[in-house]
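Residue numbers (the working numbering): 117 to 201.
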């Protein structure tokens with residue numbers, strides 16, 4: 117059940133990021149019903165373990181993805197293929 121809760125939290129955060137409606141870290145943590153520290157840990161895991169290109173945009177007041185893609189099979193999958201030279 118812990119894994120399901122973790123996956124649900126990732127899905128919720130992913131949706132908020134895609135909609136660019138996370139708000140600031142305090143608001144985002146509140147929306148996910150977690151502490152700010154837990155939010156930072158979750159975002160750090162998504163960046164490091166899932167390779168998600170996440171940044172916080174002060175202009176949009178939201179976490180955003182810097183590239184389009186999806187979280188698939190426990191990693192971030194880019195929407196576009198990069199051609200090798």
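Yeah, the Cβ is synthetic: ideal placement off N, Cα and C, and Gly gets one too.
Keep in mind that this is a model prediction, so the values were computed, not measured.
For residue j and residue i, believed in contact at Cβ under 8 Å, the rounded distance
i, j, result
"residue 180", "residue 136", "6 Å"
"residue 163", "residue 170", "6 Å"
"residue 155", "residue 145", "4 Å"
Assigned exposure category for residue i - 16 Cβ within 10 Å defines buried
i, result
"residue 138", "buried"
"residue 133", "buried"
Residue nearest to residue i in terms of C-alpha spacing, selected from the options
i, options, result
"residue 140", "184, 175 and 185", "175"
"residue 183", "168, 173, 150 and 162", "168"
Alpha-carbon to alpha-carbon, residue j and residue i
i, j, result
"residue 173", "residue 153", "19 Å"
"residue 149", "residue 122", "12 Å"
"residue 158", "residue 119", "13 Å"
"residue 178", "residue 147", "13 Å"
"residue 143", "residue 131", "15 Å"
"residue 161", "residue 126", "10 Å"
"residue 185", "residue 151", "27 Å"
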